[in-house]
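Chains as they are written, first to last, in our numbering: chain G, 19 to 323; chain Y, 19 to 323; chain A, 19 to 323; chain C, 19 to 323.
Presented below is the structure to which this report refers.
There are 4 protein chains.
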Amino acid sequence: MKEIKGMKLNKNTKITELVKGMENIGFQATQLNRAVKIIEKMKENKAVVFLSFTSNMVSSGLREIIAQLVKEKFVDVLITSAGSIEEDLIKTEKPFLLGSFDADDKELDKKGVNRIGNIFVPDDRYTLLEDKLMPFFKKLYARQIKNKRLISPTELIFELGKEVEDKNSILYWATKNKIPIFCPGITDGALGLNLYFFKQKFKEFGIDVTADMENLGKRVLEADKTGAIILGGGIAKHHTIGVNILRDGLDYVVYISTGTEYDGSLSGARPKEAVSWSKINEEGNYAYVEGDATIIFPLVICGFL
Amino acid sequence: MKEIKGMKLNKNTKITELVKGMENIGFQATQLNRAVKIIEKMKENKAVVFLSFTSNMVSSGLREIIAQLVKEKFVDVLITSAGSIEEDLIKTEKPFLLGSFDADDKELDKKGVNRIGNIFVPDDRYTLLEDKLMPFFKKLYARQIKNKRLISPTELIFELGKEVEDKNSILYWATKNKIPIFCPGITDGALGLNLYFFKQKFKEFGIDVTADMENLGKRVLEADKTGAIILGGGIAKHHTIGVNILRDGLDYVVYISTGTEYDGSLSGARPKEAVSWSKINEEGNYAYVEGDATIIFPLVICGFL
Amino acid sequence: MKEIKGMKLNKNTKITELVKGMENIGFQATQLNRAVKIIEKMKENKAVVFLSFTSNMVSSGLREIIAQLVKEKFVDVLITSAGSIEEDLIKTEKPFLLGSFDADDKELDKKGVNRIGNIFVPDDRYTLLEDKLMPFFKKLYARQIKNKRLISPTELIFELGKEVEDKNSILYWATKNKIPIFCPGITDGALGLNLYFFKQKFKEFGIDVTADMENLGKRVLEADKTGAIILGGGIAKHHTIGVNILRDGLDYVVYISTGTEYDGSLSGARPKEAVSWSKINEEGNYAYVEGDATIIFPLVICGFL
Amino acid sequence: MKEIKGMKLNKNTKITELVKGMENIGFQATQLNRAVKIIEKMKENKAVVFLSFTSNMVSSGLREIIAQLVKEKFVDVLITSAGSIEEDLIKTEKPFLLGSFDADDKELDKKGVNRIGNIFVPDDRYTLLEDKLMPFFKKLYARQIKNKRLISPTELIFELGKEVEDKNSILYWATKNKIPIFCPGITDGALGLNLYFFKQKFKEFGIDVTADMENLGKRVLEADKTGAIILGGGIAKHHTIGVNILRDGLDYVVYISTGTEYDGSLSGARPKEAVSWSKINEEGNYAYVEGDATIIFPLVICGFL
């Protein structure tokens, strides 16, 4: 058995050296090291790699790191929530700002500033979003009329990526590299509210949320091996592991999460629970790291960049 | 200022007596008492009451308690995830079983048992689900052809409620009492997998997820006051508070959650963060109770039954 | 296997009825029900019952409930931290007050108010504590000189109980009923600071913290069976389970805790980890309930009162 | 205001570069960056630095990193629990081993293996501990008889450090560099059980736990500025911040913790609560990082080594 021991550290230690040493530190440091090894296996075995993430990852500076992974085709399929789409789009024009967890929220509301943890988003970002989405929805609507069929969430997002020129954008690289972004809850968030406003005028405009399922199923079924890196919980996590039931489960999985197990929530469920569901296969190589992805994910991923 | 003090308890103490005494106990006991007071205000002021819940609530015995609230028209609008729909439906035929958090998941997988925390769901429940959904989807498809438009998630769920005869079912009472169930992520979960299978044969069948938005917006905009009871996080929570931006925020809100704030996730965000977003109005009366809803919710709600 | 199902609730439902029904609700409701059953076994099998608690339990209204248990000799040994002793003592004279988690702590500091979560403790409580402790320490010092040996923490606390007349006090009933209170970290907290001040003048005054060990060991070794109800973590929890190694582990254990397992902390460790240490015996009947004790403990205990 | 943005990462990125970039990432990454800045201020302003840690830090590979800090006199005062002393001592002879969170604890118990999260400690480590402590206690007892006074916990630990030759040991460097280790709960843990066994034969042997208070008070009162780095909670944390009330609070504080605030526990309390207590002064520069110290602490500290 391996021994627990710390490592010598100094100003010049590389992240990859620390991550290697973490194997022997114990607790979550060891779990983090294991996550890296699982991702190594994913890549060695040429698994189709799913990246699942909640929108707060995009609110944070992980956005640019995810974009880098999409640019480098490190991942093959993205699954996320509506908030990720709208926030990546907003950030192509204006940044989010560094705030504080302890801000006075009434004051912020009066000043027109919205808070996501310690990140601030001034209201003008949402004006900007509306300005971008309304003409875009018109194009989509014209397309709907022409094609005589409703668009799917993935198509919508793919088309949206064409509108973007920001090289730090997830949407930009996803469209460029034809990496699909699945979003089963597309009408949520500000994206949903803008759809609501658009439909006040264009009642016939719609989105067929079932239209992506064949494509998603195909990705799962045609793969020799599948792997997933799952940041946070929510519908993105459930969709990612759920669709892999079609093939008796993911071969390789990494969860990075702050969720708790004790309430039976899917967001907090550990990989071993997913084994019972055939969402992860029995021989499944999986790792679970508990902690905030803004710290964990850069450590886990930087050795692959 | 009020004093902190315990109360005398005995075998015959009623829940409502304990909940009253909790005001003075401090920590989450006090928060729980506050939640009750906020709900009292909701009802006194005739707010339109939104009930948001994640699917694990339906996995648990809270299902029957939620059904009771829908039966008694205590709530006006339900917002939830796909899992809730499928699990309520399964339970109309076969129960979920009491298991253990520490079960051997590989063994369970071999036995065809799926685990949700300490709740077990044998595979036959999903066979049963398929048997129910396939003919149901056919009816919907016939309707789509006849009406020349795609169904919305809320319509789908409303129609599904007509198929149910179980008086302990949320779907049953929602349809009976015309209380809409919004489900912005309808293609997730086993429901989604069944949609996938159905579409293998009936490619034209679809669901227009935008078709519910006008109705949802109307509920929010036409209300004099709105209130929300939010169990857990996820897309259901975000959708509930997000749509209330249309009216500058909810008037009364209760969160019961295990989520953490430190990762900036929406699931863990506290009510005060929602104030910055105008999801809860500045004068908002809100309460936050941290803990598992299977314990907290029965305590909070039983005084209203 | 038992079925998961909710129960009918109304205004008049008794706590004990709810707790019974919780068995079938799942998640932590089921765990709570199990905790009650373990305590039933403790009592049926006449186990020596250890009650371990952190000082925040005494800050809250659980103080009076714990006092009730000591009064009724429901528990045989108490193990806690220094804060519990000082706070029970303060409360014999002046209550703690109901405050808010979101208070402005700089403002509170200026006003001379100390915050424990949503409980406020004005500075005068600590003046009062000093006024009580200084003459008390003098008595103890006289006793030390007379007996030519240092007092132990348990003796100190026993003597302190004699000074108390408040029938809601844990100290009062512990002394009255000769139920020992072990406090391995007696110099912590305000109690410690007062000891520090006293020793400025009376340098020879001391406390022999090892002097309690024989007595504690005896309680563990002479018992036919031992059981423990453990509220929270910290040194009180560790001491309680650690000393039971002497007899190959506790026979019955209930943990009520908010701690997390993932960091390897003793405070967050689950009962099963204690089995590996022979802190809980292999046949150990144990239950773990995750959540705030201000809500959980009254539910668990009221059926025994 | 600063913008939220990610940073380019690759295989060769240094930890210190990542930590710098974390300022702009948001959520806990930003908090971690802030922790580093607070420690920079501590050192720039020549604060007396307290390092507080729970024993699981010593169970893990943080032991060697803490030893390195003590060796380099980066910290001036250590405050910890009994488990840290015994585990550092054990590790001078035999390592702890890398295990698994999901191990079968009954099996482990049969094999004589004790589990701390995912760290395994075979029973022979405790035989070894006994072999080391018994002769050591005899020396202390001889000293007690000669000096006609009981030893204090800090003296005991200082003397124990003299027995150690392992350059990776915290005890070794603490004694070598005359950095005091305060341990207000010295009779807890295996150390306590060994004291219990020793006292079966040598009843007169004792430890005066009050004897350290003057020394601890002096460190706080004579300092121009004080700072604290606090890993985890428990008695070590409370003792560290509590004693700083003597000087109206710490000037600089960093908490790294997994504790939760909602239960009013001291372990989970945030720095701002300590401001209300004058445990941290009002102008206090403090940072709170939520997460497992095995990941967070190496990142925070490596720029100072």
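All residues carry an ideal CB built from backbone N, CA and C; glycine is no exception.
Cβ of residue i less than 8 Å from any chain A Cβ?
| i | result |
| --- | --- |
| G282 (chain G) | yes |
| E300 (chain C) | yes |
| E148 (chain G) | no |
| V131 (chain C) | yes |
| E329 (chain Y) | This structure leaves residue 329 (chain Y) out entirely; chain Y is present only between 19 and 323. |
| N74 (chain C) | yes |
| K255 (chain Y) | no |
| G24 (chain Y) | yes |
| G252 (chain C) | yes |
Could you give the DSSP three-state label for residue i: helix, strand or coil?
| i | result |
| --- | --- |
| Y304 (chain A) | strand |
| K32 (chain C) | strand |
| F215 (chain G) | helix |
| D127 (chain G) | helix |
| D230 (chain C) | helix |
| L115 (chain Y) | strand |
| S296 (chain C) | coil |
| R327 (chain Y) | The structure shown does not extend to residue 327 (chain Y), since chain Y spans only 19 to 323, so no value can be given for it. |
| R133 (chain G) | strand |
| I313 (chain Y) | helix |
| F200 (chain G) | strand |
| L268 (chain A) | strand |
| S283 (chain A) | coil |
Alpha carbon to alpha carbon, how far is residue i from residue j?
| i | j | result |
| --- | --- | --- |
| G286 (chain A) | T110 (chain Y) | 38 Å |
| K194 (chain Y) | E177 (chain Y) | 11 Å |
| I324 (chain A) | T98 (chain C) | Chain A is shown from 19 up to 323; residue 324 (chain A) falls before or after that span and cannot be answered. |
| A100 (chain C) | L209 (chain C) | 7 Å |
| I314 (chain G) | N51 (chain G) | 10 Å |
| L27 (chain A) | K61 (chain A) | 29 Å |
| L249 (chain Y) | N136 (chain Y) | 19 Å |
| V271 (chain G) | G245 (chain G) | 6 Å |
| D310 (chain G) | F92 (chain A) | 43 Å |
| K78 (chain G) | I84 (chain C) | Note that residue 78 (chain G) corresponds to Ser in the displayed sequence, not to Lys. S78 (chain G) and I84 (chain C): Cα-Cα distance of roughly 31 Å. |
| D141 (chain C) | T278 (chain A) | 25 Å |
Return the bridge partner residues of residue i from the DSSP annotation.
| i | result |
| --- | --- |
| E21 (chain A) | Y:L115 |
| S70 (chain Y) | Y:I97 and Y:I248 |
| I225 (chain Y) | Y:I169 |
Does any residue of chain C have a CB that is nearer than 8 Å to the CB of residue i?
| i | result |
| --- | --- |
| E125 (chain Y) | no |
| T172 (chain A) | no |
| E308 (chain Y) | yes |
| K290 (chain A) | yes |
| L168 (chain A) | yes |
| I263 (chain A) | yes |
| L178 (chain G) | no |
Closest Cβ-Cβ distance between residue i and chain G: below 8 Å?
| i | result |
| --- | --- |
| G260 (chain Y) | yes |
| S118 (chain Y) | no |
Of all Cβ atoms in chain Y, is any one closer than 8 Å to the Cβ of residue i?
| i | result |
| --- | --- |
| L115 (chain A) | yes |
| K79 (chain G) | One detail in the question is off: residue 79 (chain G) reads as Gly in this sequence, not Lys. No, its Cβ sits nowhere closer than 8 Å to a Cβ of chain Y. |
| G135 (chain G) | yes |
Would you say the beta carbon of residue i comes nearer than 7 Å to a heavy atom of the ligand FAD?
| i | result |
| --- | --- |
| P202 (chain Y) | Here there are no bound small molecules, and the ligand FAD is not part of this structure. |
Exercise. Using a beta-carbon distance cut-off of less than 8 Å, what residues from the stretch 201-217 of chain A approach chain C?
Worked result: P202, G203, I204, T205, D206, G207, A208, G210, L211, L213, Y214 and K217
Problem set entry | Contact list for the stretch 223-250 of chain Y against chain G, Cβ threshold 9 Å | F223, G224, I225, D226, V227, T228, A229, D230, M231, E232, L234, G235 and G250
For this session: Identify each residue in the stretch 37-50 of chain G for which the Cβ-Cβ distance to at least one residue of chain A is less than 7 Å, and report them in chain order.
Result: If the cut-off is 7 Å between Cβ atoms, the stretch 37-50 of chain G has G44, F45 and Q46 near chain A.
Exercise. Of the residues that make up the stretch 90-112 of chain Y, which ones have a beta carbon closer than 8 Å to any beta carbon in chain G?
Worked result: S99 and G101
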